[in-house]
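Student: After the structure tokens below, expect a handful of questions from me.
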């Protein structure tokens with residue numbers, strides 16, 4: 009006999025006046041969660057009630073149904089309706105769609121309330137992303153969508169960005185093959201092919217962290233904080249078709265500029281335009297580059313200009329700003345924290361006063377006609393115009409036995425300096441980055457890289473010596489004693505003449521390093537005090553107290569500090585010998601110990617540009633292993649070199665790790681006499697025959713001998 013299937017009977021639905029409804033104590037929802045009652049009320053006012061209430065008739069004492077109903081399931085909807093009634097936006101007797109359950113049903117009211125909430129399935133995030141995209145495609149704007157669903161506009165933008173990721177990756181996310189955080193990382197770029205390429209590459213990696221995805225997607229782009237980007241401006245870059253990659257889910261510092269070639273062209277064009285304006289001042293030549301190396305003007309003479317005085321209005325403004333600054337600082341001297349508006353105002357005042365420190369300098373027209381300007385981009389993205397440099401071949405001609413100098417007046421001087429009208433010669437150029445190969449074996453560090461690293465160390469050591477007169481005295485006396493009693497060979501760490509030692513090989517960040525800035529600032533401060541006349545200079549030096557005299561001596565001595573590595577001459581040529589280089593570095597280590605030099609405190613840290621991108625993969629792993637241990641090195645040992653270098657930079661951040669050329673060797677006796685034994689290279693260059701890791705195709709110039 010066939011089994012009879014029991015037919016299901018659904019509860020009837022009907023419209024019940026609002027004033028006949030009441031909340032039930034059987035409703036299991038006690039805590040607030042999800043959308044607020046206020047937002048739900050606004051949604052009902054906009055769309056109507058999309059889901060009926062679940063109600064049961066109330067019984068009187070005799071068990072007979074009354075015309076009033078309680079709500080065990082749908083309490084939040086009832087409260088939202090109640091809010092609309094109180095606001096007189098809904099009538100008290102408005103019919104409310106309800107599902108009416110039998111008061112004698114086998115299933116309790118509490119079970120109905122629980123089932124309604126448990127059986128509800130939350131919308132998958134991807135469905136929400138796509139729904140927002142459909143609304144936008146239907147013509148709704150981001151602000152309108154945000155208003156309809158009571159969310160911030162930024163949230164809508166994020167959801168729309170997520171929906172714009174490659175459909176292939178969205179499918180992987182829908183099947184739980186990718187986390188939401190990983191999907192967020194892919195929104196940095198809109199290039200679907202690149203997104204899929206990076207995801208496929210990650211399948212071979214143990215590390216699929218979102219930050220790595222972002223790095224790979226932006227590895228060929230330039231950060232908005234780059235000096236070129238700040239100089240050109242994002243608006244100008246985008247106006248010419250440039251694409252800016254933005255991260256809507258994390259702080260991105262302004263984003264990344266994808267078209268580097270376009271950025272370089274715009275930066276060069278803007279620099280050239282600025283150079284044309286400066287050329288109208290009458291300069292003989294102008295050199296233009298995004299950046300110049302440290303010491304690029306060392307062979308040139310700097311003109312002595314006169315700073316333009318403040319006008320009465322400018323002086324009044326300066327005095328008013330200074331007084332306001334002093335007043336605010338006095339009022340809030342004991343405050344733990346400044347109010348936002350006061351802090352902002354002090355910042356504005358400091359910025360305005362800083363502008364007064366960079367007063368224009370006036371030069372004699374005759375001097376301008378034979379001098380030039382270096383035009384570049386400062387580290388903060390502003391135009392840097394360094395005026396007033398005279399090349400040796402442009403020095404004034406001699407008349408008799410006296411040189412004609414700037415600022416002379418009178419017939420002879422005016423005639424000699426008169427120059428026909430000339431067009432400024434503008435030269436545009438710049439250094440190109442090096443391209444190092446990828447190697448899988450430990451080899452000696454490239455000699456140029458070692459030279460660049462030791463240039464950093466030399467500059468930091470100069471700054472340290474200049475701040476330690478006692479060590480400067482000792483170093484000078486040590487060198488003089490060697491010259492007097494031992495006739496020391498070339499290779500000392502201090503040129504006692506004192507002859508300024510320059511850096512033929514240097515990294516691009518040397519000029520902007522803290523040591524370079526400290527040395528330059530101190531030099532300009534002393535230069536401003538020194539007299540031009542020899543007799544007056546002698547009197548001024550004689551008038552200094554011992555402390556200032558020691559400080560000046562230390563500053564002068566520091567310019568002879570030479571801790572540079574260079575390839576020594578093994579065949580008795582005119583340059584420094586390999587043993588001389590050894591002696592120089594050993595004495596530099598002793599000097600560094602004496603002044604307590606710490607290259608980490610001096611501001612050096614390993615980056616892709618200054619070290620990690622210049623060495624082989626084993627060297628990168630060696631650095632990470634030394635700083636973070638074997639486990640950290642294993643996290644990146646499978647990556648390609650470019651990716652490995654970037655990850656190593658992140659891992660080494662804050663560890664204080666230094667490459668061998670920047671470390672101080674163990675203390676020991678340093679011989680100051682030529683050694684008779686075979687000359688040996690420093691350890692960091694002696695890991696094999698030749699210099700297989702060197703990428704240079706031309707010999708190094710001698711650094712300082």
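Numbering (this note's numbering), first residue to last: 9 to 713.
From the three backbone atoms N, C-alpha and C, an ideal C-beta is built for every residue, glycine too.
With distance defined between alpha-carbon atoms, name the residue in 593, 459, 524, 592 nearest to residue 622.
Tutor: Residue 622 has its Cα closest to that of 459, out of 593, 459, 524, 592.
Student: Tell me which same chain residues have a C-beta within less than 8 Å of the C-beta of residue 212, skipping the five on either side of it?
Tutor: 646
Student: Determine which residues share a DSSP beta bridge with residue 302 and list them.
Tutor: The partner list for residue 302 (beta bridge, DSSP) is empty, contrary to what the question assumes.
Student: Starting from residue 560, trace the alpha helix (DSSP H) in both directions and tell me its first and last residue.
Tutor: 554-566
Student: Residue 515: buried (16+ other C-beta within 10 angstroms of its C-beta) or exposed?
Tutor: Result: buried.
Student: Measuring alpha carbon to alpha carbon, tell me which of 225, 608, 173, 534 ends up nearest residue 660.
Tutor: 608
Student: With distances taken from CA atoms, which of 556, 20, 630, 467 is nearest residue 65?
Tutor: 20
Student: Note down, one range per segment and in chain order, each alpha helix (DSSP H) of at least 4 residues found wholly within the stretch 643-674.
Tutor: 649-660
Student: In angstroms with no decimal places, state the Cα-to-Cα distance between residue 22 and residue 36.
Tutor: 24 Å
Student: Tell me which same chain residues have a C-beta within less than 7 Å of the C-beta of residue 178, skipping the five on either side of it?
Tutor: 134
Student: Excluding sequence positions up to five away, which residues of its chain have a Cβ less than 7 Å from the Cβ of residue 203?
Tutor: 173, 174, 177, 194, 197
Student: Cα separation between residue 670 and residue 616?
Tutor: 16 Å
Student: Could you compute how far the alpha carbon of residue 637 sits from the alpha carbon of residue 528?
Tutor: 39 Å
Student: Hey, which unbroken runs of the beta strand (DSSP E) at 3 residues or more fall wholly within the stretch 209-268?
Tutor: none
Student: Report the partner residues of residue 62 according to the DSSP bridge assignment.
Tutor: 81, 107
Student: Give me the Cα-Cα distance between residue 333 and residue 354, rounded to the nearest whole angstrom.
Tutor: 7 Å
Student: I need the DSSP call for residue 376, collapsed to helix, strand or coil.
Tutor: helix
Student: Quick check on DSSP: helix, strand or coil for residue 25?
Tutor: strand
Student: Are the stretch 651-667 and the stretch 231-241 in contact at 8 Å, needing three or more beta carbon pairs?
Tutor: no
Student: Give the straight-line distance between the Cα atoms of residue 634 and residue 224, rounded to the nearest whole angstrom.
Tutor: 25 Å
Student: Roughly how many angstroms lie between the CA atoms of residue 440 and residue 571, to the nearest whole one?
Tutor: Residue placement at residue 440 is poorly supported in this model, since its pLDDT is 40, which falls under 50; the coordinates are not used for a value here.
Student: Select from 456, 478, 282 the residue whose C-alpha is nearest the C-alpha of residue 392.
Tutor: 282
Student: Would you mind giving the Cβ-Cβ distance between residue 468 and residue 563, rounded to the nearest angstrom? I have them listed as a contact below 8 Å.
Tutor: Not a contact, Cβ separation roughly 15 Å.
Student: Measuring alpha carbon to alpha carbon, tell me which residue in 257, 272, 250, 278 is nearest residue 266.
Tutor: 250
Student: Enumerate in chain order the residues of its own chain whose CB-to-CB distance from residue 226 is below 8 Å, with the five nearest sequence positions on each side excluded.
Tutor: 196, 197, 253, 264
Student: Keeping to the same chain, check which residues put their C-beta closer than 8 Å to that of residue 758; ignore five residues upstream and five downstream.
Tutor: Residue 758 is absent from the structure shown; the chain starts at 9 and stops at 713.
Student: Can you look up residue 36 in the DSSP assignment and give me helix, strand or coil?
Tutor: coil
Student: Which full runs of the beta strand (DSSP E) of 3+ residues lie inside the stretch 603-643, going along the chain?
Tutor: none
Student: Note down, in chain order, each residue of its chain lying with its Cβ closer than 7 Å to the Cβ of residue 524, except the 5 sequence neighbours on either side.
Tutor: If we look at residue 524 and ignore the five residues flanking it on each side, its Cβ neighbours are 302, 467, 518.
Student: Please check the pair residue 472 and residue 605, which I expect to be a contact at CB under 8 Å, by giving their CB distance rounded to whole angstroms.
Tutor: That pair is a contact at about 5 Å.
Student: Cα separation between residue 395 and residue 271?
Tutor: 26 Å
Student: What are the partner residues of residue 381, as DSSP defines its beta bridges?
Tutor: 294, 395
Student: Less than 6 Å between the CB of residue 321 and some heavy atom of the ligand HEM, yes or no?
Tutor: The ligand HEM is not among the ligands present in this structure, which contains no ligands whatsoever.
Student: Counting beta carbon pairs with one atom in the stretch 364-384 and one in the stretch 278-297, are three or more of them shorter than 8 Å?
Tutor: When Cβ pairs closer than 8 Å are counted between the two stretches, the stretch 278-297 is seen to touch the stretch 364-384, the count reaching three or more.
Student: Are the Cβ atoms of residue 77 and residue 18 separated by less than 7 Å?
Tutor: no
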